[in-house]
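One structure is given below, encoded as structure tokens.
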Amino acid sequence: MMMRVGHAPVADQKYVLRPGAYAILPVSGGVLLTAQIAEEVDIQLPGGGIDPGESPIRALHREVLEETGWRIGNPRRLGAFRRFVYMPEYGILAEKVCHIFVARPIYELGPPSEPDHESLVLSADDAVDLLGNDGDRMFVKRYFF
Numbered sequence: 486m487m488m489r490v491g492h493a494p495v496a497d498q499k500y501v502l503r504p505g506a507y508a509i510l511p512v513s514g515g516v517l518l519t520a521q522i523a524e525e526v527d528i529q530l531p532g533g534g535i536d537p538g539e540s541p542i543r544a545l546h547r548e549v550l551e552e553t554g555w556r557i558g559n560p561r562r563l564g565a566f567r568r569f570v571y572m573p574e575y576g577i578l579a580e581k582v583c584h585i586f587v588a589r590p591i592y593e594l595g596p597p598s599e600p601d602h603e604s605l606v607l608s609a610d611d612a613v614d615l616l617g618n619d620g621d622r623m624f625v626k627r628y629f630f
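Residue numbers (our numbering): 486 to 630.
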């Protein structure tokens, strides 16, 4: 059984299954993250949804590039968790199955191409304090500490 983080699902609600791939990207001085800029800034592990027919590794490469502008190498799966959330950008209740990897940032091609995203580097301590969801914080804490 996969670990759930965050709120329990509401019994009478329907949730759309949304598998995704996310990366811990160690760099000198800390970890490379993405900030989604909206009414409130949400700091996240770079990554996102796995498209139908796409492998988690392919999705990881695509999403990290879109959200940070970086190419990555040597991804290694660390584990997974699930969380039940409302996704306002899609207007859905989602059961997010989050596959977490660690990878090496190789080369920065440019700024993020994903709208309203900015890349940033935080120390591991600051990342644990500022990441926007419990699952991301849990995996960063496990990896660095």
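Cβ atoms here follow ideal geometry from the backbone N, Cα and C, with glycine treated the same way.
- Between ILE557 and LEU530 a beta carbon distance of about 12 Å is seen, past the 8 Å cut, so the two are scored as non-contacting.
- In chain order, ASP527, GLN529, ASP601 and HIS602 place their CB closer than 7 Å to the CB of GLN521, counting only its own chain and leaving out the 5 sequence neighbours on each side.
- Distance from the Cα of MET488 is smallest, within the candidate group LYS581, ARG561 and GLY576, for LYS581.
- Around the beta carbon of ARG562, fewer than 16 other beta carbons lie within 10 angstroms, which makes this residue exposed.
- Look at the beta carbons and you see the region 492-511 touching the region 539-546: at least three pairs across the two are nearer than 8 Å.
- Secondary structure at ASP527: strand, using DSSP grouped into helix, strand and coil.
- By the neighbour-count criterion, in which 16 or more other beta carbons inside 10 Å mark a residue as buried, ALA523 falls on the exposed side.
- Here ALA493 carries a coil assignment [DSSP, helix/strand/coil].
- In the three-state reduction of the DSSP assignment, LEU594 falls in the coil class, being assigned neither a helical nor a strand state.
- Taking C-beta atoms under 8 Å as the contact rule, LEU518 and LEU594 fail to qualify, at a distance of about 17 Å.
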